[in-house]
Each structure stands twice: as structure tokens, then as C-alpha cells.
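Each residue of the sequence shown is one higher than the one before, counting from 60 in the numbering used here. Data block below; observations after.
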Amino acid sequence: MRLFDPRARQVTAQQARRYAMFEILHTIADVLAALLFVVGSILFFSEQTQFAGTVCFLVGSFFFAAKPSIRIVRELWLARSHKVDRLAGRAPEGPPMTDG
60 MRLFDPRARQ VTAQQARRYA MFEILHTIAD VLAALLFVVG SILFFSEQTQ
110 FAGTVCFLVG SFFFAAKPSI RIVRELWLAR SHKVDRLAGR APEGPPMTDG
């Protein structure tokens, strides 16, 4: 079982918004990494644009590295705020939010 299991948890509206912010950042990093790798691949076909392609690959790699970093920051924030038990409730498959 994962450290932050998404079952049987409750979450406030503010906590859900914070969770959503982290998920949006994670998705943005994912999309940018994928786009940079596609652009880098296209640029790599020509010798004149290979350097630019290499730069795209490098920057895309940083975005791929940012993804787990974003998750770690989210989990540390939740642990620091003593709301670790509520982390899973922020997942889309978690229980409905409460007004608490």
C-alpha cells in the first residue's frame, strides 16, 4: 500500500485547492517535457538544428525531473501541516470534501 492511500479520507475545500494546485503543476511539467522532447526530436533530423534539439532534450529532462519533486514538495507540505491523513482525500478517487 502507498504511503498516502486515497481511501477513507476527508478533505476541506482549502486543502483540495492546494492539492489541485500541485496536480496542475505536475501536469504542466509533464506536458512541457513531452512537447520539448517532440520538438527536440524534430530538430534533431537536421544537422543545422541539432544543437537546438539537444537543448530541448536537456530542458525537457529538467521538467521530467521536476515531476517527482513537485510530488515530494506536496507531501512534505502536507506532513508539515499535520494533515498527512487527509492527503489521499484530495485525490479524484477520494471521498467527498467536507466544510471543515
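Yeah, the Cβ is synthetic: ideal placement off N, Cα and C, and Gly gets one too.
Comparing alpha-carbon positions, which option in Ser100, Pro127 and Ala138 lies nearest Val114?
Position 55 of the sequence shown, counting from 1, holds the residue named residue 114. Comparing Cα positions, the closest option is Ser100.
Under 7 Å Cβ to Cβ from Phe123, same chain only, skipping five residues before and after it: list those, please.
Your numbering for residue 123 matches position 64 in the sequence shown. Closer than 7 Å at the Cβ level, and outside the excluded window around Phe123, lie Ala92.
Phe103 by DSSP, collapsed to three states: which one?
The count along the sequence shown starts at 1 and reaches residue 103 at position 44. Three-state result, Phe103: coil.
Find out if the Cβ-Cβ distance for the pair Ala79, Lys126 is shorter than 7 Å.
Residue 79 sits at position 20 when you count from the first residue of the sequence shown. Residue 126 sits at position 67 when you count from the first residue of the sequence shown. No, they are not a contact pair.
Can you tell me the Cα-Cα spacing of Thr71 and Arg77, whole angstroms?
Residue numbering aside, residue 71 sits at position 12 when the sequence shown is read from its first letter. Residue numbering aside, residue 77 sits at position 18 when the sequence shown is read from its first letter. Computed Cα separation, rounded: 10 Å.
Excluding five sequence neighbours on each side, which residues of the same chain lie with their C-beta closer than 8 Å to the C-beta of Ile131?
For this step, residue 131 is matched to residue 72 along the sequence shown. Here the set comprises nothing.
Same chain only: Cβ atoms within 6 Å of Phe116, ignoring 5 sequence neighbours per side
Position 57 of the sequence shown, counted from the start, is the residue given in the question as residue 116. These residues qualify, in order along the chain: Gly99.
Starting from the C-beta of Val118, find all residues in its chain whose C-beta is less than 6 Å away, skip the five residues before and the five after it, and write them out in chain order.
The count along the sequence shown starts at 1 and reaches residue 118 at position 59. Within the same chain, Val118 has close Cβ partners Leu95.
Thr113 - containing alpha helix (DSSP H), residue span:
The residue given as residue 113 occupies position 54 in the sequence shown. Gln109 to Arg139 is the span of the alpha helix (DSSP H), which, as asked, contains Thr113.
Work out the CA separation of Val90 and Ile129 for me, nearest whole Å.
Taking the first residue of the sequence shown as position 1, residue 129 is located at position 70. Taking the first residue of the sequence shown as position 1, residue 90 is located at position 31. The alpha-carbon atoms of Ile129 and Val90 are separated by roughly 14 Å.
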